[in-house]
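Student:
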Amino acid sequence: MEQGTNTVYDGDRVLAKDPGDILRHSLGHIARGSEGALFFQWRQSRAGAETWHSAMVPHAGPDSRIFREVTQTGEAVARLAELAGSTVSAQVAVLHDPDAWWALGVDGLPSTELDYHSALGRTHRALWDAGVTVDFAHPEHELNHYPLVVAPALFLLSDAVAEKLRRYVADGGTLLVQHASGYVDERLHAHLGGYPAAPLREALGIRVEEYRPLRRSERITLSDGTQGTAWSESLRTEGAETLATYTHGMLTGSPALTRHSRCA
9 MEQGTNTVYD
19 GDRVLAKDPG
29 DILRHSLGHI
39 ARGSEGALFF
49 QWRQSRAGAE
59 TWHSAMVPHA
69 GPDSRIFREV
79 TQTGEAVARL
89 AELAGSTVSA
99 QVAVLHDPDA
109 WWALGVDGLP
119 STELDYHSAL
129 GRTHRALWDA
139 GVTVDFAHPE
149 HELNHYPLVV
159 APALFLLSDA
169 VAEKLRRYVA
179 DGGTLLVQHA
189 SGYVDERLHA
199 HLGGYPAAPL
209 REALGIRVEE
219 YRPLRRSERI
229 TLSDGTQGTA
239 WSESLRTEGA
249 ETLATYTHGM
259 LTGSPALTRH
269 SRCA
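Residues 9 to 272 (our numbering) make up the sequence shown, in order.
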């Protein structure tokens with residue numbers, strides 16, 4: 009797992025990591041299946057595009073906090089040699105599809121606030137905070153050995169993959185599908201008959217009739233007390249039970265969170 013020793017990109021600036029983060033992050037990666045802790049770069053560049061990218065040996069030289077923490081991390085990893093070649097079996101897969109990321113970057117979408125990596129990040133953070141180890145998996149990969157599969161903002165979804173996910177549910181898997189999923193196919197053609205793609209509609213027991221992006225400052229509240237921003241959907245249940253409803257605007261009383269306990 010490659011990382012920077014002191015680099016945290018935050019929009020228009022590069023923030024520094026706190027003392028101890030190099031070791032903490034490295035051990036966290038290894039605990040979740042990484043074979044080691046790698047860094048870019050060895051010596052911090054004096055010129056060019058990577059001048060201000062952090063390194064194991066910073067501009068300050070080896071007599072620096074960064075290099076001392078790198079050395080400490082190397083010593084700690086060396087004591088974990090018996091873990092080399094071992095595996096970590098995750099019980100949860102989070103679906104990651106570069107094509108879905110690309111699809112949310114095209115012009116003309118109903119909202120520019122549908123950020124694929126933010127959706128992935130929020131999902132991973134919630135699972136990480138709960139102590140759950142996850143794998144990131146492409147939707148076309150074999151998923152049947154995962155008890156739970158999560159699909160965050162899988163905007164682009166082919167009929168073939170939708171059918172694969174339907175079969176996963178039919179075979180006993182638990183699938184959590186988040187907002188704005190299954191709207192277009194692999195050619196960016198909108199799915200007809202409602203969203204998401206037909207096989208996934210069957211698995212979820214719902215049909216999304218309308219998408220309703222929110223205003224920039226708008227928040228929408230659900231009956232369970234949670235709030236959302238950026239996006240809402242008008243959907244109809246077709247076998248699913250409603251767990252939470254909207255309590256805001258024209259969607260008041262309509263389903264927002266649903267569960268379908270069986271897919272034949």
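Note that CB positions come from ideal geometry on N, CA and C, so glycine has one too.
Predicted model, so just to flag it, every value in this text is computed and none were measured.
By DSSP, does Thr-255 sit in helix, in strand, or in coil?
Tutor: Counting from one through the sequence shown, the residue named residue 255 turns up at place 247. Here Thr-255 sits in coil by DSSP.
Student: Under a three-way DSSP split, which group does Gln-80 fall into?
Tutor: Along the sequence shown, read from residue 1 onward, the residue named residue 80 stands at position 72. Correct three-state label for Gln-80: helix.
Student: Specify, as a first and last residue, the run of the beta strand (DSSP E) that Arg-215 falls within.
Tutor: Locating residue 215 in the sequence shown gives position 207, where the first residue counts as 1. Arg-215 -> beta strand (DSSP E) spans 214-221.
Student: Closest to Gly-236 by CA distance: which of Val-96, Leu-243 and Leu-222 is it?
Tutor: If you number the sequence shown from 1, residue 236 lands on position 228. Cα-wise, what sits closest to Gly-236 is Leu-222.
Student: Answer with buried or exposed for Arg-209, where buried requires no fewer than 16 other C-beta atoms within 10 angstroms of its C-beta.
Tutor: The sequence position of residue 209 within the sequence shown is 201, counting from 1. With 16 or more Cβ atoms within 10 Å of its Cβ, Arg-209 is classed as buried.
Student: My output table needs one value for Ser-240: the three-state DSSP class, helix, strand or coil.
Tutor: Counting from 1 along the sequence shown, the entry for residue 240 is found at position 232. Strand.
Student: Do you know how far the Cα of Trp-109 is from the Cα of Ala-63?
Tutor: Residue mapping note: residue 63 aligns to position 55 of the sequence shown, counting from 1. Residue mapping note: residue 109 aligns to position 101 of the sequence shown, counting from 1. About 29 angstroms.
Student: Going by alpha carbons, who is nearest to Thr-250 out of His-256, Ala-238 and Ser-231?
Tutor: Counted from its first residue, the sequence shown places residue 250 at position 242. Taking only the C-alpha atoms, the option nearest Thr-250 is Ser-231.
Student: Does the Cβ of Asp-275 have 16 or more other Cβ atoms within 10 Å, making it buried, or fewer, making it exposed?
Tutor: A question about residue 275 goes unanswered here, because the residues of the chain that appear run from 9 up to 272.
Student: Given Leu-156, which residues of its chain have a CB within under 6 angstroms of its CB, disregarding the five upstream and five downstream residues?
Tutor: Reading the sequence shown from its first residue, position 148 is the one you call residue 156. These residues qualify, in order along the chain: Val-100 and Thr-182.
Student: Determine the burial state of Leu-103: buried for a count of at least 16 other Cβ atoms within 10 Å of its Cβ, exposed for fewer.
Tutor: The residue given as residue 103 occupies position 95 in the sequence shown. Flag for Leu-103 reads buried.
Student: Would you call the segment 191-208 and the segment 167-178 touching, i.e. three or more CB-CB distances under 8 angstroms?
Tutor: With the cut-off at 8 angstroms, the segment 191-208 and the segment 167-178 touch.
Student: For Trp-60, which residues of its own chain have a beta-carbon under 7 angstroms away from its beta-carbon, when the five flanking residues on both sides are left out?
Tutor: Position 52 of the sequence shown, counting from 1, holds the residue named residue 60. Correct list, in chain order: Val-22.
Student: Going residue by residue through the segment 25-108, where are the continuous beta strand (DSSP E) segments of at least 3 residues, counting only ones entirely within it?
Tutor: Segments of the beta strand (DSSP E) lying fully in the segment 25-108: 100-103.
Student: By Cβ distance below 6 angstroms, which residues in the same chain neighbour Gly-41 in space, the five residues on each side in sequence not counted?
Tutor: The sequence position of residue 41 within the sequence shown is 33, counting from 1. Taken in chain order, the residues that qualify are Val-96.
Student: Is it buried or exposed for His-146, if we count other Cβ within 10 angstroms and need 16 for buried?
Tutor: Locating residue 146 in the sequence shown gives position 138, where the first residue counts as 1. Answer is exposed; the Cβ neighbour count stays below 16.
Student: Which partner residues does Pro-263 have in the DSSP bridge list?
Tutor: As a working mapping, residue 263 is identified with position 255 in the sequence shown. Bridge partners of Pro-263: Thr-253.
Student: Take Thr-131 as the anchor and find which of Ala-84, Gln-186 and Leu-88 has the nearest alpha-carbon.
Tutor: Mapped onto the sequence shown, residue 131 falls at position 123. Considering only alpha carbons, the answer is Gln-186.
Student: Relative to the alpha-carbon of Thr-260, which residue among Leu-165, Ser-242 and Leu-135 has its alpha-carbon at the smallest distance?
Tutor: Position 252 of the sequence shown, counting from 1, holds the residue named residue 260. Selected option, being the one with the closest Cα: Ser-242.
Student: Closest by CA to Ala-84, which one among Tyr-219, Gly-36 and Pro-106?
Tutor: Sequence index remark: in the sequence shown, residue 84 carries index 76 (1-based). If we check each option's Cα against that of Ala-84, Gly-36 comes out closest.
Student: Using a 10 Å radius around the Cβ and a threshold of 16 neighbouring Cβ atoms, would you call Glu-77 buried or exposed?
Tutor: Looking up residue 77 in the sequence shown gives position 69. When all chains shown are included, Glu-77 counts as buried.
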